[in-house]
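Colleague: Using my numbering, the final residue of the sequence shown is 675, and nothing's skipped along the way.
The structure that follows is given in the form of structure tokens.
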Amino acid sequence: MAIPSLVPPDKERVDTAISMDGYLATSSISPLARQLNEAATRAEMRVDQKNTNTVDSIIDTHYLTNKAQHDAQIPNTTNPELLARARQATGFVNGVDSNPFKGLARDQLDLIVHDEGGSFTINERRAAWEEVQSIRSTAVSSQKSISVNGRDLMISRLFHGSEPAIAQPPATFYNMAQNPCDFLNSDDRNVIADMFAYAQAEGANLAHVTQLAVVLGDYRRSSDGSQTVGGNNGYDADGYRVTFDFKKEEAQIASRILNGSAINSTRIDQGFLRYILHPDHGAFTNIGGIPFLERMVNKFSNEGDDQPPLGSEFAAFKKINFEDYAVRTTNKAIRLPPDKSVATVTNGVWSLTEYGKASGYVIDSATGKLSRPSDSPDEKTPQHSLPGAPATDAAHRTILDALADTRDQPAQRWIWPGHLFKMLRAFKP
């Protein structure tokens, strides 16, 4: 735990005498600074002992039950400054004096609030706690005042200057090219706007928020992910089972989000979080980095006031290659059965597979008809033209023809995470 800046106000300084050799002859540290240093030392010990439940005695019924005793408490000292501050704190909590800790930094106030070492009276700790609440209220008011600017940023970056109506799912062949952010609902847009305002105030690159909004919008378009087929059900070219997962560091963060307390009160949709933090979907979709998502989950929850500021690691936005955030595993114990298809198409050109050749099938180069001349007259396969071939008779269609025909597109589509991955790779923040 870092010890906060303990430089006291000028009025609290003790005169400093400097000897001829440059060393301090007397201390220049104020009584308050000395108390804060001692409180910081005790705070480090509490962290080591994982004991952080130190505010019960100064809040709610715990405090009010023993109010008379707290008002009578006097510091064990003869220092007039400490005695006067304790009296002022008691006056403040009873509404007849000003707060002696007004103007102190938040980290210094926190040291006083949580210190049970006896340096501060209960009423002093209560006064420091009330100053923390005042700072929080001011921060909330400030956040509200910039929310309009956050809305403007969202409209500018996501909607190019004009906010559209909320588009409705499901994902279809016709809306796949539409801006995924159009599908963000009212709650999504409100929290995204606040994210933009917060990220700008903290000096973070706004592309982190944009990327998160794009992924959330695509989740909404695909009927809250219900149309999206999980990515961990594929096979490689040799037929072996292939799965993908987060790298170790991001897997740990994902677990921390899903099992932490902030997820229960965060404004970010919990269903989306559980969807995107599952490897079946999240391992294919870079959301600007899971570390940024964790900071947003925590910040926009009931625990938001206790969160540290965004660090410099979010000042830049760097495109991450798929291989840099996903771990690929090939399971050679699971393999597809041999392929029984007799023909395949590459760039619109049909050709026989090895199985098709071995089974005696041929493709007529002039007509494009698929047949197997080795069949007996009673078993002979009807000759059918392959799609795209110069066939003159389309009256007979094989299942292969039907599967290959894309002229009649379905109204509703199932989506693989790879589709979204390709879209995100083309995204330019």
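All C-beta atoms in this analysis are idealised placements derived from N, C-alpha and C, irrespective of residue type, glycine included.
Quick one: Cα of residue 499 to Cα of residue 506, how far?
Modeller: Residue mapping note: residue 499 aligns to position 253 of the sequence shown, counting from 1. Residue mapping note: residue 506 aligns to position 260 of the sequence shown, counting from 1. Whole-angstrom Cα-Cα distance: 10 Å.
Colleague: Would you call the segment 585-602 and the segment 545-553 in contact, with 3 or more CB pairs under 8 Å?
Modeller: The segment 585-602 is not in contact with the segment 545-553.
Colleague: For residue 399, which option in 446, 497 and 543 has the closest C-alpha, if you only look at C-alpha atoms?
Modeller: Taking the first residue of the sequence shown as 1, we reach residue 399 at position 153. Per the Cα distances, 446.
Colleague: Should residue 602 be labelled buried (16 or more other beta-carbon atoms within 10 Å of its own) or exposed?
Modeller: Along the sequence shown, read from residue 1 onward, the residue named residue 602 stands at position 356. Label assigned to residue 602: buried.
Colleague: Do you know how far the Cα of residue 454 is from the Cα of residue 313?
Modeller: Taking the first residue of the sequence shown as position 1, residue 313 is located at position 67. Taking the first residue of the sequence shown as position 1, residue 454 is located at position 208. Cα-Cα distance, rounded: 49 Å.
Colleague: Which one or two residues does DSSP pair with residue 487 in a beta bridge?
Modeller: Mapped onto the sequence shown, residue 487 falls at position 241. Paired residue(s): 481 and 577.
Colleague: Give a yes or no on whether the C-beta atoms belonging to residue 560 and residue 451 are separated by under 8 Å.
Modeller: Residue mapping note: residue 560 aligns to position 314 of the sequence shown, counting from 1. Residue mapping note: residue 451 aligns to position 205 of the sequence shown, counting from 1. Cβ distance < 8 Å, so residue 560 and residue 451 count as in contact.
Colleague: Would you call the segment 452-472 and the segment 518-535 touching, i.e. three or more CB-CB distances under 8 Å?
Modeller: Short answer: they touch.
Colleague: Would you mind sorting residue 465 into buried or exposed? The rule is 16 or more other CB atoms within 10 Å of its CB.
Modeller: Locating residue 465 in the sequence shown gives position 219, where the first residue counts as 1. Under this definition residue 465 is a buried residue.
Colleague: I'd like to check one pair, residue 476 with residue 428: are the Cβ atoms closer than 8 Å?
Modeller: Looking up residue 428 in the sequence shown gives position 182. Looking up residue 476 in the sequence shown gives position 230. No, these two residues do not count as a Cβ contact at 8 Å.
Colleague: What number of angstroms, rounded off, separates the C-alpha of residue 381 from the C-alpha of residue 574?
Modeller: Mapped onto the sequence shown, residue 381 falls at position 135. Mapped onto the sequence shown, residue 574 falls at position 328. For residue 381 and residue 574, the distance between alpha carbons rounds to 47 Å.
Colleague: Closest to residue 491 by CA distance: which of 301, 479, 360 and 483 is it?
Modeller: Stepping through the sequence shown from its first residue, residue 491 is reached at position 245. Comparing Cα positions, the closest option is 479.
Colleague: Excluding the five sequence neighbours on either side, which residues of its own chain have a C-beta within less than 6 Å of the C-beta of residue 392, listed in chain order?
Modeller: For the purposes of this step, residue 392 is identified with residue 146 of the sequence shown, where counting begins at 1. Unreliable placement is indicated for residue 392, whose pLDDT of 48 sits below 50; the coordinate value is still reported in the next sentence. Excluding positions up to five away in sequence, the list reads 443.
Colleague: Helix or strand or just coil, what does DSSP make of residue 604?
Modeller: Taking the first residue of the sequence shown as position 1, residue 604 is located at position 358. Helix at residue 604.
Colleague: Jot down the residue ranges of each uninterrupted alpha helix (DSSP H) in the segment 427-453, minimum 4 residues, whole runs only, in chain order.
Modeller: Runs of the alpha helix (DSSP H) inside the segment 427-453: 432-447.
Colleague: Are the CB atoms of residue 377 and residue 332 nearer to each other than 8 Å?
Modeller: Here residue 377 refers to the residue found at position 131 when the sequence shown is read from its first residue. Here residue 332 refers to the residue found at position 86 when the sequence shown is read from its first residue. Cβ distance not < 8 Å, so residue 377 and residue 332 don't count as in contact.
Colleague: Name the two residues that bound the continuous alpha helix (DSSP H) containing residue 336.
Modeller: For the purposes of this step, residue 336 is taken as the residue at position 90 of the sequence shown. Segment 326-339, the alpha helix (DSSP H) holding residue 336.
Colleague: Alpha carbon to alpha carbon, how far is residue 307 from residue 504?
Modeller: Locating residue 307 in the sequence shown gives position 61, where the first residue counts as 1. Locating residue 504 in the sequence shown gives position 258, where the first residue counts as 1. When rounded, the distance between both Cα atoms is 33 Å.
Colleague: Closer than 8 Å by C-beta to residue 508: which residues in its own chain qualify, once you throw out the five before and the five after it? Chain order, please.
Modeller: Reading the sequence shown from its first residue, position 262 is the one you call residue 508. Here the set comprises 543, 544, 547, 548 and 549.
Colleague: Short check: CB of residue 325 to CB of residue 277, under 8 Å?
Modeller: As a first step, residue 325 is located in the sequence shown; it is residue number 79 there, counting from the start. As a first step, residue 277 is located in the sequence shown; it is residue number 31 there, counting from the start. Their beta carbons are under 8 Å apart, which means residue 325 touches residue 277 by this criterion.
Colleague: Beta-carbon within less than 8 Å of residue 367's beta-carbon, same chain only, minus the 5 sequence neighbours each way: which residues are those?
Modeller: Along the sequence shown, read from residue 1 onward, the residue named residue 367 stands at position 121. Cβ within range, chain order: 316, 319, 320, 321, 332, 335 and 336.
Colleague: Quick test of your reading: residue 470 and residue 517, contact by CB under 8 Å. State the CB separation rounded to the nearest angstrom.
Modeller: The residue you call residue 470 lines up with position 224 of the sequence shown. The residue you call residue 517 lines up with position 271 of the sequence shown. 6 Å between Cβ atoms; contact.
Colleague: What does the alpha-carbon distance come out to for the pair residue 409 and residue 425?
Modeller: Numbered from 1 along the sequence shown, position 163 holds the residue referred to as residue 409. Numbered from 1 along the sequence shown, position 179 holds the residue referred to as residue 425. Cα to Cα, the separation comes out at about 12 Å.
Colleague: Assuming contact is defined by CB atoms lying nearer than 8 Å, are residue 613 and residue 599 in contact in what I supplied?
Modeller: Translated into positions along the sequence shown, residue 613 becomes position 367. Translated into positions along the sequence shown, residue 599 becomes position 353. Not a contact, by the Cβ cut-off of 8 Å.
Colleague: Whole angstroms are fine: how far does the CA of residue 433 sit from the CA of residue 374?
Modeller: What you label residue 374 is simply residue 128 of the sequence shown in a count that begins at 1. What you label residue 433 is simply residue 187 of the sequence shown in a count that begins at 1. Distance between the alpha carbons of residue 374 and residue 433: 35 Å.
Colleague: Could you have a look at residue 617 and say whether DSSP puts it in helix, strand or coil?
Modeller: The count along the sequence shown starts at 1 and reaches residue 617 at position 371. If DSSP states are grouped into helix, strand and coil, residue 617 belongs with the strands.
Colleague: Pull up the DSSP beta-bridge partners for residue 591, would you.
Modeller: Against the sequence shown, residue 591 aligns to sequence position 345. In DSSP, residue 591 forms a bridge with 596.
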